[in-house]
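Residue numbers (the working numbering): 57 to 277.
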Ligand code: SAH
């Protein structure tokens, strides 16, 4: 947990991001809004791009990957309906921003990234912000992280051709999984819920993510 990130020079612009980009688009969960207002998003991008970090768009983070648009991070976070005690698995650590948001809202975050260089950088920021409840590893996240399963919530922040079966297997009952599914260019954001032994899928909206690459994802970049 971050005691206070208040006082940095982007505080006002971050509040404006919440008021202008998130609230008018239907992000209403107070805990999600508070986490987005608190986490210093500019620390998750290169120094030269810090001034753009609160813009209404994704940004490159190197290796052909991106940090998602603030609204999409908020939308996916809100969909998980976290109350504070949950165990959450994230696939696609990238910059680490989404994981840091989740870490404010649940008990423990497990996050997997396939590109080591990105994870090394993300871990530096987790340390800087003293996010103590994030465990991370380099691996193919489409096979999940069985050792710590089941997870109350799973969030996949890269787009795949289908929902990876191991992730559904590692989902608790009750549990929710949010994932972009589609082709390489456009996906539908799916919310898969397990309750009383049954699995339901709901479409949230169309999104555009970088590719989920792995055994249960796309086979190549
Ligand atoms: N959640 C990130 C978004 C990063 S973009 C953030 O907040 O910045 C998606 C990330 O998913 C990329 O870094 C990409 O390398 C990673 N990725 C793609 N396929 C993966 C897989 N099978 N396992 C783990 N990470 C994967």
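Glycine included, every Cβ here is placed at the ideal spot set by N, Cα and C.
heavy atom of the ligand SAH below 7 Å from residue i C-beta
i           : result
residue 278 : Absent from the model: residue 278. The displayed extent of the chain is 57 to 277, so no value can be given.
residue 153 : yes
residue 225 : no
residue 106 : no
residue 133 : no
residue 190 : no
residue 160 : no
residue 71  : no
residue 235 : no
residue 169 : yes
residue 273 : yes
residue 270 : yes
residue 109 : no
residue 203 : no
Residue nearest to residue i in terms of C-alpha spacing, selected from the options
i           : options            : result
residue 186 : 155, 72, 260, 255  : 155
residue 78  : 276, 112, 149      : 112
residue 38  : 214, 167, 101      : Since the first residue shown for the chain is 57 and the last is 277, residue 38 is missing from the structure and cannot be characterised.
residue 172 : 190, 161, 149, 162 : 149
residue 218 : 131, 99, 246, 195  : 246
residue 264 : 93, 80, 128, 164   : 128
residue 228 : 89, 195, 136, 242  : 136
residue 195 : 153, 231, 180, 174 : 174
residue 269 : 147, 106, 74, 89   : 147
residue 183 : 69, 90, 99         : 99
residue 64  : 198, 96, 178       : 96
residue 244 : 253, 256, 170, 260 : 260
residue 86  : 107, 131, 119, 67  : 131
8 Å Cβ shell around residue i - same chain, five flanking residues per side excluded
i           : result
residue 226 : 145, 200, 201, 202, 205, 206, 207, 210
residue 240 : 215, 267, 274
Local conformation of residue i per DSSP, three classes
i           : result
residue 110 : coil
residue 158 : helix
residue 194 : strand
residue 167 : strand
residue 266 : coil
residue 202 : helix
residue 88  : helix
residue 80  : helix
residue 277 : coil
residue 57  : Low per-residue confidence applies at residue 57: pLDDT is 45, beneath 50, and the placement is therefore not dependable, though the value from the model is reported in the following sentence. It is coil, neither helix nor strand.
residue 212 : strand
residue 183 : helix
residue 143 : strand
residue 101 : coil
residue 281 : Residue coverage of the chain in this structure runs from 57 to 277, which leaves residue 281 outside it and unanswerable.
Expected contact under 8 Å - CB spacing of residue i and residue j to nearest Å
i           : j           : result
residue 236 : residue 272 : Not quite, the Cβ-Cβ distance comes to about 14 Å (not below 8 Å), so this is no contact.
residue 191 : residue 166 : 5 Å
residue 94  : residue 160 : 7 Å
residue 143 : residue 164 : 5 Å
Contact set for residue i: own chain, Cβ-Cβ below 6 Å, skip 5 residues either direction
i           : result
residue 140 : none
Close-in-space but distant-in-sequence residues of the same chain around residue i (CB under 7 Å, 5 per side omitted)
i           : result
residue 81  : 127
residue 242 : 262, 264
residue 57  : Per-residue confidence for residue 57 stands at a pLDDT of 45, beneath the threshold of 50, marking its modelled position as unreliable; no derived number is given.
The ligand MN heavy atom lying under 7 Å from the CB of residue i
i           : result
residue 124 : Although the ligand MN was asked about, the structure shown includes only the ligand SAH as ligands.
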